[in-house]
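Q: Please find one structure pasted underneath; my questions will follow.
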Amino acid sequence: MAPTSSEPISIQSFATTQLALLDREIDLEKSETSALLSQSSPKFLQRIGLAILNLQVTNQRTGFGGKTVLELGLDTAVGGTSGKSSGRNLGSKGQDNAVRGGKSSSGGKKSRGGGKSGGSTKGGPSNAASVADDSDGGELPEHSLRTGDIVAVQTQPTGSAKKKEKAELREEGVEGVVMRVSARGISIACSKEEVEMPGGRLWVVKLANDVVWKRMTKAMTYLQSLQSSSYTSLMLALFSHVPPTIPSPSSITSISTIEWQSPNLNESQKRAVVFALAAPTMALIHGPPGTGKTTTLVEFILQHYKRNSDSRILLCGPSNLSVDNLIERLAPSRIPLIRLGHPARLLPSVLNHSLDVLTRTSDAGALVQDIRKEMDDLQGKIRKTKGRKERKEVYGELRDLRKEFRAREKGCVRGLVEGAKVVCATLHGAGGSLLRDVKERFDLVVIDEASQALEAQAWVALMSAKKVILAGDHLQLPPVVKSVNSKTQSTSKEMKNNSEQKGDGEIIKGMTLETSIFDRLLELHGPKVKRMLTVQYRMHEKIMQFPSQELYDAQLTADESVRLRLLKDLPYAVQSTEDTTQPLVFYDTQGGDFPERADEEDEDQKSKLSISESKSNEIEAALVFSHVKALVDAGVRADDIAVITPYNAQLAILSQAIKSEYPGIELGSVDGFQGREKEAVIVSLVRSNDKGEVGFLGEKRRLNVAMTRAKRHLCVVGDSETVQKGSKFLKSWMGFLEEHADLRFPNVGDLS
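Going by UniProt numbering, the first residue of the sequence shown is number 1, and it counts up by one from there.
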């Protein structure tokens with residue numbers, strides 16, 4: 001049976017179950033990717049955002065770790081796209097499950113435990129390594145490739161190429177990691193040391209990324225192999241072998257006696273900080289939308305460091321953005337900190353704390369840079385050398401230099417990491433060689449956005465911990481897990497067979513990867529291990545009211561600074577209209593005049609691929625466009641507006657209709673907008689059918705994200721007659737909107 005609250009969990013069985021689930025998940029991801037790549041043409045893969053065609057090498061250089069970096073831009077003979085999409089965007093094929101958490105067209109948030117979320121993007125940190133921004137080839141088409149993705153660079157096959165010829169081109173290609181993406185180019189750190197790309201036309205295609213999975217599997221295998229005598233006190237508490245020590249009132253420092261670093265903390269934030277300080281092994285900070293979770297975590301870290309200046313802290317999150325947001329706030333305090341991870345994946349404001357920059361600017365790094373320059377010179381020489389013998393000699397020199405470079409860089413890095421009091425990394429980055437080399441143990445591990453990470457991913461960081469503080473919100477979307485919604489989920493018998501190959505330990509029935517460590521600890525120990533933040537600084541009180549009542553026990557209150565603010569009060573000229581004076585608008589499309597439709601696959605792919613069906617609603621999209629136009633005409637800037645929807649097919653239609661007219665507007669999936677906010681947000685619900693089927697809308701955590709992104713104006717567009725049939729939660733929401741929103745019944749004739 002599934003473990004109940006406070007019932008001890010076998011650590012070995014937990015690890016065994018996680019290993020079986022991880023195997024299932026990565027097998028599914030690899031099989032889907034393999035089928036898609038092997039059965040699709042390059043043009044089709046570009047059309048759905050998984051590839052970029054017609055590229056050429058514009059530069060070849062040496063990157064961090066001695067890796068060869070290829071910089072690619074559009075072939076000048078082809079010319080640019082001037083920013084226009086080469087076809088339908090990623091997700092327009094209905095891959096809602098596959099790209100859940102997808103980044104919006106102009107920005108976005110995290111996905112499954114690492115990196116920024118997928119979706120259409122052409123951006124990257126502006127001050128990272130050059131990536132052929134001055135290429136004459138023009139702008140790249142819309143695509144889903146982003147920093148951290150595993151890709152293949154290959155000679156582009158011709159339309160008449162046979163299967164054997166295509167296979168040979170794949171063999172001759174090289175795999176690598178995307179370092180940076182810009183509007184006009186892409187940089188890739190190659191896995192091979194000796195890279196020699198042909199001079200012809202190239203293409204880049206996205207592959208399955210198993211690096212994160214390997215590190216999670218390694219962590220679970222280690223946990224599975226531990227003898228009970230080796231369990232730490234933290235491990236015993238996290239699995240309820242010993243009760244968690246809850247700070248007593250007498251052990252908690254009085255709030256009034258603390259010298260707070262931030263002068264603007266509210267009482268719930270202060271209570272969370274002192275609770276976390278007093279907890280001997282673990283504490284949870286529950287931060288609903290807009291409640292200042294980052295501010296609270298930063299205050300806790302500063303207070304902890306003030307009391308324990310000799311302690312070492314590992315600061316983690318599932319995405320680069322979650323980590324960098326904390327570093328931005330910590331940097332002014334001048335705590336010695338270091339950021340692990342490639343600079344191309346980091347926010348520009350934290351680059352000075354990155355290993356790459358520190359190895360360039362420290363005394364120990366001076367010699368490293370001299371060797372790097374020699375390697376770069378040789379990289380350039382290789383491209384110009386024609387003779388086979390001379391080329392072989394250059395490669396020999398490069399191999400010798402690379403060996404020396406790595407040895408010196410490793411020593412420099414070790415000194416920098418050992419000297420930092422706060423080490424910052426993504427969760428899977430904490431399992432990288434840099435921390436393994438220095439064999440660090442940490443007095444404290446802090447994990448932000450813990451409810452969005454797979455638990456196995458959290459354990460990559462927790463293996464070295466004595467105490468952990470988890471921050472997150474289990475009532476927003478969990479980590480993305482494909483196998484949860486797969487039609488071919490593993491049976492208990494299959495998982496048992498897998499577990500027998502992994503070692504001892506029974507399979508825990510009912511466990512899924514979707515349950516984060518944040519969720520599990522709340523279920524195991526109850527609310528006594530957490531403190532919730534209750535004052536939100538984002539939303540008008542009317543926008544906040546429903547999620548507060550239905551999900552947060554009516555405990556949220558709107559700070560006075562945001563409680564009544566409207567679009568008409570923006571710090572620039574905005575007219576007072578029926579839209580800019582309303583915080584909550586609901587266009588109820590009930591009546592059947594706004595029917596949904598299934599997004600069909602391209603004719604040439606129908607028989608080849610089993611890509612799941614998505615939904616769209618063109619007339620509803622026209623209504624969204626009309627509302628956007630009304631806001632912009634009233635003076636609201638397009639870049640203060642976001643349009644979000646649960647369905648990628650709808651996102652594709654909205655993008656075609658709105659983006660060219662209002663290029664500053666942000667379009668994205670609901671999932672991809674988690675953690676984001678805008679002054680005005682329009683939510684397109686899409687579903688409108690006679691059967692009352694609501695699909696993705698049935699997940700209340702998704703709806704919680706959708707309804708809590710707006711600061712001053714939330715506009716919901718949907719069919720209440722269909723939506724209310726989906727669940728009790730949806731029925732309550734429709735009832736709330738009918739009673740409290742500015743209710744409007746649109747006429748299809750007005751949209752023509």
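For glycine and all other residues, C-beta sits at the position ideal for the given N, C-alpha and C. These numbers were taken from a predicted model, which means no experiment stands behind them.
What's the call for residue 755, buried or exposed, on a 16-neighbour Cβ count within 10 Å?
A: Since the first and last residues shown for the chain are 1 and 752, residue 755 lies out of range.
Q: State the CB to CB distance for the pair residue 618 and residue 653, rounded to an integer number of angstroms; the pair is presumed to be in contact (CB under 8 Å).
A: Reading the sequence shown from its first residue, position 618 is the one you call residue 618. Reading the sequence shown from its first residue, position 653 is the one you call residue 653. 6 Å between Cβ atoms; contact.
Q: Compare the Cα-Cα distances from residue 281 to each of 522, 468 and 625 and report the closest residue.
A: Taking the sequence shown and counting its residues from 1, one reaches residue 281 at position 281. Minimum Cα distance to residue 281 is reached at 468.
Q: In the DSSP assignment, find the unbroken alpha helix (DSSP H) run with residue 522 in it and report its ends.
A: Residue mapping note: residue 522 aligns to position 522 of the sequence shown, counting from 1. 517–525 is the span of the alpha helix (DSSP H), which, as asked, contains residue 522.
Q: Give a yes or no on whether the C-beta atoms belonging to residue 184 and residue 139 are separated by under 7 Å.
A: Residue numbering aside, residue 184 sits at position 184 when the sequence shown is read from its first letter. Residue numbering aside, residue 139 sits at position 139 when the sequence shown is read from its first letter. Cβ distance < 7 Å, so residue 184 and residue 139 count as in contact.
Q: For residue 572, which beta-bridge partners are listed by DSSP?
A: In the sequence shown, counting from the first residue as 1, residue 572 sits at position 572. In DSSP, residue 572 forms no bridge with anything.
Q: Straight-line CA distance for residue 505 to residue 225?
A: Along the sequence shown, one-based indexing puts residue 505 at 505. Along the sequence shown, one-based indexing puts residue 225 at 225. About 10 Å.
Q: Would residue 575 and residue 668 qualify as a contact pair, given that the criterion is a beta-carbon distance under 7 Å?
A: Within the sequence shown, residue 575 is the residue found at index 575, counting from 1. Within the sequence shown, residue 668 is the residue found at index 668, counting from 1. No, the pair does not count as a contact, with Cβ atoms beyond the cut-off.
Q: For the segment 422–433 and the segment 327–342, state whether three or more C-beta atom pairs, one from each stretch, are separated by less than 8 Å.
A: Enough Cβ pairs lie closer than 8 Å, so yes.
Q: Using 8 Å as the Cβ pair cut-off and three pairs as the minimum, do the segment 710–730 and the segment 676–690 touch?
A: Contact holds: three or more Cβ-Cβ distances are below 8 Å.
Q: Using C-beta distances below 6 Å, list every residue in its chain close to residue 357, excluding the 5 sequence neighbours before and after it, in chain order.
A: Residue 357 sits at position 357 when you count from the first residue of the sequence shown. Answer for residue 357: 351, listed in chain order.
Q: Short of 7 Å in beta carbon distance, which residues of its chain neighbour residue 606, apart from the five on each side in sequence? Order them along the chain.
A: Locating residue 606 in the sequence shown gives position 606, counting from the first residue. With a pLDDT of 39 at residue 606, under the threshold of 50, the modelled position of that residue is not reliable, and the figure given next carries that caveat. Nothing listed; no residue qualifies.
Q: When the Cα atoms are used, what is the spatial distance from residue 592 to residue 620?
A: Working through the sequence shown from its first residue, we reach residue 592 at position 592. Working through the sequence shown from its first residue, we reach residue 620 at position 620. The alpha-carbon atoms of residue 592 and residue 620 are separated by roughly 11 Å.
Q: Mind checking who residue 749 pairs with in its DSSP beta bridge?
A: Within the sequence shown, residue 749 is the residue found at index 749, counting from 1. None, per the DSSP bridge assignment.
Q: Between residue 584 and residue 461, which are expected to be in contact by the criterion C-beta below 8 Å, what is the C-beta distance as a whole number of angstroms?
A: In the sequence shown, the residue the question calls residue 584 occupies position 584. In the sequence shown, the residue the question calls residue 461 occupies position 461. Contact flag wrong, Cβ pair sits at about 40 Å.
Q: Using only CA atoms, which one of 76, 633 and 308 lies nearest to residue 278?
A: For the purposes of this step, residue 278 is identified with residue 278 of the sequence shown, where counting begins at 1. Ranking 76, 633 and 308 by Cα distance to residue 278 puts 308 first.
Q: Can you check whether the CB of residue 745 is closer than 7 Å to the CB of residue 579?
A: Position 579 of the sequence shown, counting from 1, holds the residue named residue 579. Position 745 of the sequence shown, counting from 1, holds the residue named residue 745. Not in contact: residue 579 and residue 745 (Cβ atoms no closer than 7 Å).
Q: Whole angstroms are fine: how far does the CA of residue 238 sit from the CA of residue 244?
A: For the purposes of this step, residue 244 is taken as residue 244 along the sequence shown, with counting starting at 1. For the purposes of this step, residue 238 is taken as residue 238 along the sequence shown, with counting starting at 1. Residue 244 and residue 238: Cα-Cα distance of roughly 8 Å.
Q: Residues bridged to residue 444 by DSSP?
A: Here residue 444 is taken as the residue at index 444 of the sequence shown, counted from 1. Residue 444 is bridged to 313.
Q: Beta-carbon separation of residue 533 and residue 291 under 7 Å?
A: Working through the sequence shown from its first residue, we reach residue 533 at position 533. Working through the sequence shown from its first residue, we reach residue 291 at position 291. Yes, the Cβ-Cβ distance between residue 533 and residue 291 is below 7 Å.
Q: Might you give, ordered along the chain, the residues of its own chain that have their beta carbon closer than 8 Å to the beta carbon of residue 565, omitting 5 neighbours on each side?
A: Here residue 565 is taken as the residue at index 565 of the sequence shown, counted from 1. Closer than 8 Å at the Cβ level, and outside the excluded window around residue 565, lie 540, 711 and 712.
Q: Measuring alpha carbon to alpha carbon, tell me which of 24, 647, 174 and 47 ends up nearest residue 484.
A: As a first step, residue 484 must be located in the sequence shown, where it is residue number 484. Checked all of 24, 647, 174 and 47; the closest Cα to residue 484 is 24.
Q: Tell me which same chain residues have a C-beta within less than 7 Å of the C-beta of residue 276, skipping the five on either side of it?
A: Residue numbering aside, residue 276 sits at position 276 when the sequence shown is read from its first letter. Same-chain partners within the cutoff: 283, 285, 300 and 469.
Q: In whole angstroms, what separates the C-alpha of residue 558 from that of residue 701?
A: Translated into positions along the sequence shown, residue 558 becomes position 558. Translated into positions along the sequence shown, residue 701 becomes position 701. Their Cα atoms are separated by approximately 21 Å.
Q: If we ignore side chains and look at the alpha-carbon of each, how far apart do residue 336 and residue 528 end up?
A: Here the question's residue 336 lines up with position 336 in the sequence shown. Here the question's residue 528 lines up with position 528 in the sequence shown. Approximately 33 Å, taken between the alpha carbons.
Q: My assumption, with CB atoms under 8 Å, is that residue 518 sits in contact with residue 472. Please give the rounded CB distance.
A: Working through the sequence shown from its first residue, we reach residue 518 at position 518. Working through the sequence shown from its first residue, we reach residue 472 at position 472. Going by Cβ atoms, the distance from residue 518 to residue 472 rounds to 5 Å, so yes, they are a contact pair.
Q: Which partner residues of residue 339 appear in the DSSP bridge assignment?
A: Counted from its first residue, the sequence shown places residue 339 at position 339. 354 and 424.
Q: I think residue 482 touches residue 29, with their Cβ atoms under 8 Å apart; what is that distance to the nearest whole Å?
A: Numbered from its first residue, the sequence shown carries residue 482 at position 482. Numbered from its first residue, the sequence shown carries residue 29 at position 29. Yes, they are in contact, since the Cβ atoms of residue 482 and residue 29 sit about 6 Å apart, within 8 Å.
Q: Which same chain residues, not among the five before or five after residue 329, have their C-beta less than 8 Å away from its C-beta?
A: The sequence position of residue 329 within the sequence shown is 329, counting from 1. Here the set comprises 294, 295 and 298.
Q: Is it right to say residue 248 is buried, meaning 16 or more other beta carbons lie within 10 angstroms of its own, or is it exposed?
A: The residue given as residue 248 occupies position 248 in the sequence shown. When all chains shown are included, residue 248 counts as exposed.
Q: Taking the C-alpha atoms as reference points, what is the distance between residue 235 and residue 326?
A: Your numbering for residue 235 matches position 235 in the sequence shown. Your numbering for residue 326 matches position 326 in the sequence shown. One C-alpha to the other measures close to 26 Å.
Q: Using three-state DSSP, classify residue 409 as helix, strand or coil.
A: Along the sequence shown, read from residue 1 onward, the residue named residue 409 stands at position 409. Note: residue 409 maps to helix in three-state DSSP.
Q: Whole angstroms is fine: what's the gap from residue 16's alpha carbon to residue 219's?
A: As a working note, residue 16 is residue 16 in the sequence shown. As a working note, residue 219 is residue 219 in the sequence shown. In a straight line, the C-alpha of residue 16 is about 11 Å away from that of residue 219.
Q: Check whether the Cβ atoms of residue 54 and residue 71 lie closer than 7 Å to each other.
A: If you number the sequence shown from 1, residue 54 lands on position 54. If you number the sequence shown from 1, residue 71 lands on position 71. Against a cut-off of 7 Å, the Cβ pair of residue 71 and residue 54 comes out as no contact.
Q: Distance, Cα to Cα, residue 454 vs residue 22?
A: Working through the sequence shown from its first residue, we reach residue 454 at position 454. Working through the sequence shown from its first residue, we reach residue 22 at position 22. If I take the Cα positions, the gap works out to 10 Å.
Q: Could you pull out every residue in the same chain whose Cβ sits closer than 7 Å to the Cβ of residue 547, ignoring the five residues on either side in sequence?
A: Residue 547 sits at position 547 when you count from the first residue of the sequence shown. The residues are 704, 707 and 708.
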